[in-house]
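Take a look at the structure below.
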Amino acid sequence: MMLRIKNVNPVISYFILRRLIGILGILLALVCYGGGRLFSDLSLQPSISFYYYTNVRDLFVGLLVGVSMFLITYKGYEVIDNIVSNITGMVGLGIAIFPCLFSKEVTMSVGFFQFNPELSNTLHLICSASFFVLLALNSLFLFTLTDKNKEMTENKKKRNKVYITCGIIILASLISLVFIKLTVDPKIIDEKKIVFIFEAVMLVSFGISWLVKGETIWRDPK
């Protein structure tokens with residue numbers, strides 16, 4: 005007797021994947037801080053990326069790789085959705101593969117490819133900036149698209165407001181962070197944990213955007 009495997013609606017799979025991406029994005033900063041605090045009484049680090057050099061390194065890398073792989077394997081309704089999400093996932097992997105510079109006194113090779121710390125840090129910054137810019141553009145210009153053959157529902161209008169808000173928050177936070185890095189004493193930035201705060205805000209905005217894209221709330225009637 006042959007077993008028949010019940011087909012799963014691919015649309016449902018898309019919604020689940022979007023929600024998973026959103027949840028992991030929101031959890032990244034929280035898990036790093038909570039894990040460091042709980043297991044080694046570690047104080048809040050200057051940047052989420054600094055957790056690479058702590059006891060929660062595996063959690064940091066694991067969550068980041070998880071988010072990145074979901075983005076790489078994500079298949080949207082349009083080709084442009086796939087391209088943007090896939091590239092976002094690739095630069096997300098770059099954040100994990102190329103660690104940031106922990107201290108200028110460190111001279112030993114770091115990361116998977118054992119690059120010198122300065123080169124690794126440069127690649128890390130490029131990947132990080134690209135990651136957040138792409139997330140913002142995705143939220144602002146792709147998530148807000150609507151089927152031209154269908155009338156926009158009230159729930160879709162509500163979701164679009166969330167996408168636009170999240171995208172603006174990500175871009176505004178990134179621009180503000182760059183400005184602060186260029187104008188404020190690095191010691192003050194580290195002491196006030198400014199980078200961590202902005203990164204956490206951007207990640208939560210990213211997560212909320214994807215959770216809403218997964219129609220966790222304001223779902224359209226089928």
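According to the numbering used here, the sequence shown is numbered sequentially starting from 5. Note that the Cβ used here is the ideal one computed from N, Cα and C, for glycine as well.
Check, Outcome
"Nearest-angstrom Cα separation, counted from lysine 108 out to serine 124", "12 Å"
"Inter-residue CB distance, lysine 197 and leucine 48 (contact presumed, cutoff 8 Å)", "5 Å"
"In DSSP terms, what valine 110 is bridged to", "According to DSSP, valine 110 bridges with nothing at all."
"Sub-8 Å separation of glycine 218 and phenylalanine 74 beta-carbons", "no"
"Under 8 Å between C-beta atoms of leucine 138 and valine 88", "yes"
"Buried versus exposed call for leucine 175 [16 or more other C-beta atoms within 10 Å across all chains shown]", "buried"
"Pairwise C-alpha distance: phenylalanine 102 and threonine 77", "21 Å"
"For phenylalanine 119: DSSP bridge partner residues", "Val114"
"Beta-carbon proximity check, isoleucine 193 vs valine 199, cutoff 8 Å", "yes"
"Sequence-distant residues of its chain with Cβ nearer than 6 Å to valine 83 (five each side left out)", "none"
"7 Å CB neighbourhood of proline 190 in its chain, flanking five on each side removed", "none"
"Range covered by the alpha helix (DSSP H) that runs through tyrosine 57", "No alpha helix (DSSP H) contains tyrosine 57, which DSSP labels as neither H nor E."
"Asparagine 159 versus Leu105, Pro225, Leu144, Leu215, residue with shortest Cα-Cα distance", "Pro225"
"Serine 209, buried or exposed, once every other Cβ within 10 Å from all chains shown has been counted against 16", "buried"
"Beta-carbon separation (whole angstroms), serine 132 vs isoleucine 99, contact threshold 8 Å", "5 Å"
"Buried versus exposed call for glycine 26 [16 or more other C-beta atoms within 10 Å across all chains shown]", "buried"
"For isoleucine 221, the nearest candidate out of Phe119, Lys165, Tyr56, Ile173 (CA to CA)", "Lys165"
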